[in-house]
Amino acid sequence: MRDMTEQTPVTTATAKAVPTLPDAQTVTSVQHYTDKLFSFRVSRPASLRFRSGEFVMIGLMGDPDPKTGKQKPLLRAYSIASPSWDEELEFYSIKVQDGPLTSKLQHIQPGDQIILRPKPVGTLVHDALLPGKRLYFFATGTGFAPFASLLREPETYENYDEVIITHTCRDVAELTYGHNLIEDLKQDEIMEEVFGEGFAKKIRYYPTTTREESPKMGRITTLIENGELFTDLGIPPLDPATDRAMVCGSLAFNLDIKALLEKAGLREGANSEPGEFVIEKAFVG
Ligand SMILES: Cc1cc2nc3c(=O)[nH]c(=O)nc-3n(C[C@H](O)[C@H](O)[C@H](O)COP(=O)(O)OP(=O)(O)OC[C@H]3O[C@@H](n4cnc5c(N)ncnc54)[C@H](O)[C@@H]3O)c2cc1C
Ligand SMILES: NC(=O)c1ccc[n+]([C@@H]2O[C@H](COP(=O)([O-])OP(=O)(O)OC[C@H]3O[C@@H](n4cnc5c(N)ncnc54)[C@H](OP(=O)(O)O)[C@@H]3O)[C@@H](O)[C@H]2O)c1
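The sequence shown begins at 1 in this note's numbering and counts up by one.
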């Protein structure tokens with residue numbers, strides 16, 4: 001298995017560009033993990049308020065229209081990966097080689113500008129869940145992004161005794177962003193002051209891979225069905241009396257997890273009517 005603690009160099013901004021795009025924000029740092037994954041941070045509009053776990057529309061100007069020469073913004077939904085209190089905004093992104101946005105976005109550098117529409121929305125928020133004892137975050141691929149925000153949100157530790165984050169990817173390197181974030185978080189003394197002493201012990205990280213060999217292999221759906229998740233962590237099976245869940249992955253993943261949660265007796269919640277679990281797509285596939 002690869003050493004996931006190895007740090008990838010971070011490119012950091014030296015100068016601030018003058019905004020020229022509509023809703024422009026300036027890129028402050030970029031970090032690449034694999035040929036398919038990277039993260040970046042941008043300046044935060046002073047007026048932007050959001051709840052940890054929400055998403056916004058971000059993008060770049062598209063290519064000029066061949067006839068008119070006019071450019072239109074090319075926007076996509078992105079979970080904000082940073083917590084609501086952070087002075088910058090962080091995003092964790094796929095690189096789709098022929099993707100209209102990410103074929104370009106993957107080349108951004110500190111000092112460049114992106115467009116950010118400041119209208120945050122989403123269902124992966126604490127307000128949509130009823131109180132409980134144990135909170136599960138179930139993620140695949142870039143579905144980790146909203147949980148990168150929520151894992152750095154004080155409410156997560158105030159509301160729950162235990163926070164279980166499962167992240168399933170095809171390969172080990174695809175776990176790097178989440179792995180490093182959780183390691184850094186657990187060692188951060190300032191976070192301990194903010195989240196309370198011993199908060200790190202509440203985090204139970206459960207990474208799995210499905211194609212490349214790693215210490216824990218398998219789809220999380222299989223590991224729930226055969227009980228390995230619960231045996232490995234030494235906790236009881238899913239129970240609507242104590243357990244709450246947030247889910248973010250592909251449509252197929254979301255549907256499969258939803259079926260398992262409902263089989264265990266948990267009911268889906270929403271902003272308007274809190275429940276025992278909430279779901280959001282990590283991409284439209
Ligand atoms: C609510 C919501 C939140 C999202 N949050 C994020 C996020 O935080 N980070 C992120 O990288 N993307 C996120 N996405 C996906 C994002 O909106 C874009 O689809 C992605 O940036 C690719 O854009 P594109 O124009 O390059 O390709 P698109 O034309 O949008 O997508 C092309 C194809 O690439 C695949 N694809 C797209 N996005 C992903 C992905 N994230 N993981 C795996 N395969 C993908 C799909 O098969 C899709 O059909 C989110 C989508 C939704 C609906
Ligand atoms: N990531 C890559 O290396 C790669 C390479 C080529 C193409 N792509 C394309 O990029 C897109 C996204 O790829 P991705 O790897 O980010 O996302 P993905 O295909 O959704 O897979 C992410 C992880 O989720 C698991 N998974 C998928 N569906 C599931 C379900 N219904 N229940 C439980 N677990 C499930 C996968 O396991 P399984 O491995 O068992 O499916 C994998 O470990 C896809 O359209 C894919 O074709 C990705």
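We treat Cβ as the ideally placed atom computed from N, Cα and C, and that holds for glycine.
- Around the beta-carbon of Gly198, fewer than 16 other beta-carbon atoms lie within 10 Å, marking it exposed.
- Contiguous beta strand (DSSP E) elements confined to the segment 137-195 occur at 162-169, taking only those with 3 or more residues.
- About 5 Å separates the beta carbons of Val163 and Ile203, which is inside the 8 Å limit, making them a contact pair.
- With a cut-off of 7 Å, the C-beta of Arg211 is classified as near ligand 2, since at least one heavy atom of the ligand falls inside that distance.
- In this structure, Thr123 sits near Ala270, with a CB-CB distance shorter than 8 Å.
- Linking Asn180 to Lys119 through their CA atoms gives a straight-line distance of about 29 Å.
- For Asp243, DSSP records a beta bridge to Arg134.
- DSSP places Ser43 in no alpha helix (DSSP H) but in the uninterrupted beta strand (DSSP E) bounded by Leu37 to Ser43.
- In the displayed model, Ile235 falls within coil according to three-state DSSP, outside both helix and strand.
- The segment 140-150 makes contact with the segment 84-92, as at least three CB pairs between them are under 8 Å.
- Not a single heavy atom of ligand 1 lies less than 7 Å from the C-beta of Tyr33.
- The continuous stretches of beta strand (DSSP E) do not include Leu251, which lies in the alpha helix (DSSP H) extending over residues Leu251 to Lys263.
- Rounded to the nearest whole angstrom, the C-alpha separation of Ala282 and Leu251 is 8 Å.
- Between Val125 and Gly53, the beta carbon gap of about 5 Å places them in contact (Cβ cut-off 8 Å).
- If you check the CB distance, Leu116 and Leu60 do not come in under 8 Å.
- For the 8 Å CB-CB criterion, Pro110 and Val56 do not form a contact.
- Counting along the chain, the unbroken beta strand (DSSP E) around Lys119 starts and ends at Gln113 to Val121.
- For ligand 2, a non-hydrogen atom lies closer than 7 Å to the CB of Ile220.
- A residue is called buried once 16 or more other Cβ atoms fall within 10 Å of its Cβ, and Ile279 is buried on that count.
- In this structure the segment 187-197 does not touch the segment 167-177; the number of beta carbon pairs closer than 8 Å is below three.
- Of Ala264, Thr176 and Glu268, the smallest CA-CA separation from Thr34 is found for Thr176.
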